[in-house]
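Residue numbers (full-length UniProt numbering): 1 to 300. All C-beta atoms, glycine included, are put in the ideal place defined by N, C-alpha and C. This report concerns only the one structure given below.
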Amino acid sequence: MPLQIVHHPDYDAGFAVNHRFPMSKYKLLMEALGARGLAGPAALNVPEPAPASWLKLAHAAGYVDQVLACEVPAKIEREIGFPVSPRVSLRAQLATGGTVLAARLALLNGIACNTAGGSHHARRAQGAGFCTFNDVAVAALVLLAEAAARNILIVDLDVHQGDGTADILGDEPRMFTFSMHGDRNYPARKIASDLDIALPDGTGDAAYLERLGGILPELTARARWDIVFYNAGVDVHVEDRLGRLSLSNEGVRTRDDMVIRHFRALGIPVCGVIGGGYSTDVAALTARHAILFEVASGFA
1 MPLQIVHHPD YDAGFAVNHR FPMSKYKLLM EALGARGLAG PAALNVPEPA
51 PASWLKLAHA AGYVDQVLAC EVPAKIEREI GFPVSPRVSL RAQLATGGTV
101 LAARLALLNG IACNTAGGSH HARRAQGAGF CTFNDVAVAA LVLLAEAAAR
151 NILIVDLDVH QGDGTADILG DEPRMFTFSM HGDRNYPARK IASDLDIALP
201 DGTGDAAYLE RLGGILPELT ARARWDIVFY NAGVDVHVED RLGRLSLSNE
251 GVRTRDDMVI RHFRALGIPV CGVIGGGYST DVAALTARHA ILFEVASGFA
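Here is the structure:
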């Protein structure tokens with residue numbers, strides 16, 4: 001069976017091409033996966049919008065209602081980084097539903113990936129940092145609520161610390177949140193994960209991969225994990241304009257292979273989400289995001 005990929009055309013909310021958040025990457029990612037032979041009919045799965053009942057497992061009910069009604073206060077919209085229009089609201093619901101679907105497919109097949117997701121700055125009370133809903137936190141809590149999983153590990157390798165995920169899941173003993181990120185990057189005020197590793201500016205392939213390789217066995221020793229959510233943000237790349245680390249394309253590829261190979265060798269399902277990536281060269285950015293799917297397809 002091919003790698004199961006979750007995608008919806010409305011992941012692209014139609015931002016202007018010069019917006020700081022490169023919204024067109026979602027459409028271009030699907031084109032790139034098609035060109036690589038990874039997006040045939042047997043591989044594609046289309047999500048439904050996440051219902052309010054799921055969203056309220058992770059987020060304050062009042063905030064969820066504001067997003068669904070497109071009545072988010074201007075102050076919160078400024079913290080998110082864009083207005084919550086009907087297209088943005090739908091996109092957030094779909095991306096979250098997509099991560100839930102990808103998690104269920106991973107439990108069935110061993111691995112699956114969402115072509116969106118990784119919105120890890122959205123906290124319980126509100127969104128922030130280009131993140132409206134925290135799709136991974138919602139999906140993890142849905143799996144717990146449905147008794148589809150009992151112990152869940154989140155491996156967040158986006159260059160920015162996973163503060164929102166830590167905020168939402170910090171008191172949930174059946175979850176373990178791990179974030180390896182740039183020390184001097186957003187958010188300025190971190191919310192402690194269960195385990196954080198902060199890297200200095202300019203960290204390149206060798207130092208990054210050595211640190212990651214040392215921590216993976218520690219993570220698997222902590223519990224018998226039923227599923228791993230893997231945030232494969234490519235803003236660790238040397239050419240990312242918001243990153244400050246210095247990984248190459250090959251470094252990103254080796255990172256993804258290390259993570260997926262480690263957990264799949266132990267029979268642990270992996271749900272991949274694309275996380276952050278910011279570049280004015282959206283074609284190059286899209287190719288970086290496609291690496292996750294190229295690597296994951298080797299384990300399907």
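Distances from the CA of Ala42 to each of Ala125, Pro2, Gly298, Asp257 were compared; the closest alpha carbon is that of Pro2. Boundaries of the alpha helix (DSSP H) harbouring Met30: 25-35, taken from the DSSP string. Annotation for Trp225: Asn151, Leu153, Ile268 place their beta carbon closer than 6 Å to its own, counting only its chain and skipping 5 residues before and after.
Pairing Ala102 with Ala95 gives a Cβ-Cβ distance that is not under 8 Å.
Excluding residues up to 5 positions away in sequence, Val282 lie with their Cβ nearer than 6 Å to the Cβ of Ser24 in the same chain. The C-beta of Ala122 has 16 or more other C-beta atoms within 10 Å across all chains shown, which makes the residue buried. When the Cα atoms are used, Val136 and Thr165 turn out to be separated by approximately 8 Å.
Ala207 and Glu31 have their C-alpha atoms some 33 Å from each other.
With contacts defined as CB atoms closer than 8 Å, His262 and Leu216 qualify as a contacting pair.
By alpha-carbon distance to Tyr26, the top candidate from Ala35, Arg36, Asp12, Arg20 is Asp12. Going by beta carbons, Ile260 and Val270 fall inside the 8 Å limit. Rounded to whole angstroms, the gap between the alpha carbons of Phe130 and Gly275 is 11 Å. The residues Asp201, Arg244, in chain order, have a CB closer than 7 Å to that of Arg184 in the same chain once the five nearest residues on each side in sequence are set aside. Taking the CA atoms as reference points, Val234 sits about 21 Å from Phe82. The beta carbon of Leu242 sits closer than 7 Å to the beta carbons of Asp235, Tyr278 from its chain, once the five residues preceding and following it are set aside; these are given in chain order. As DSSP reads the structure, Ile227 sits in a beta bridge with Ile152.
Annotation: Asp257 to Ala296 spans about 8 Å, alpha carbon to alpha carbon. Asn114 has Val6 as its beta-bridge partners, per DSSP.
Apart from sequence neighbours up to five positions away, the residues of its chain that approach Arg222 with a beta-carbon distance below 7 Å are Phe176, ordered along the chain. In this structure, the straight-line span from the alpha carbon of Ala300 to that of Pro86 is close to 35 Å. From the listed residues Asn134, Arg255, Asp194, Leu107, the smallest Cα separation to Glu210 is found for Arg255. One Cα belongs to Gln4, the other to Ala149, and the distance between them is close to 19 Å. Sequence-distant partners of Ala192 (beyond 5 residues in either direction) whose C-beta falls short of 7 Å from its own C-beta, in its chain, are Ala166. Leu141 is not a Cβ neighbour of Ile227, given a cutoff of 8 Å. The three-state secondary structure of His237, taken from DSSP, is strand. Contact annotation, Ile80 with Ala128: C-beta distance approximately 6 Å; criterion of less than 8 Å satisfied.
Going by beta carbons, Asp163 and Lys190 fall inside the 8 Å limit. Each residue's CA atom was taken as its position, placing Leu219 and Gly213 some 11 Å apart.
Between Gly98 and Val6, the CB-CB gap stays under 8 Å.
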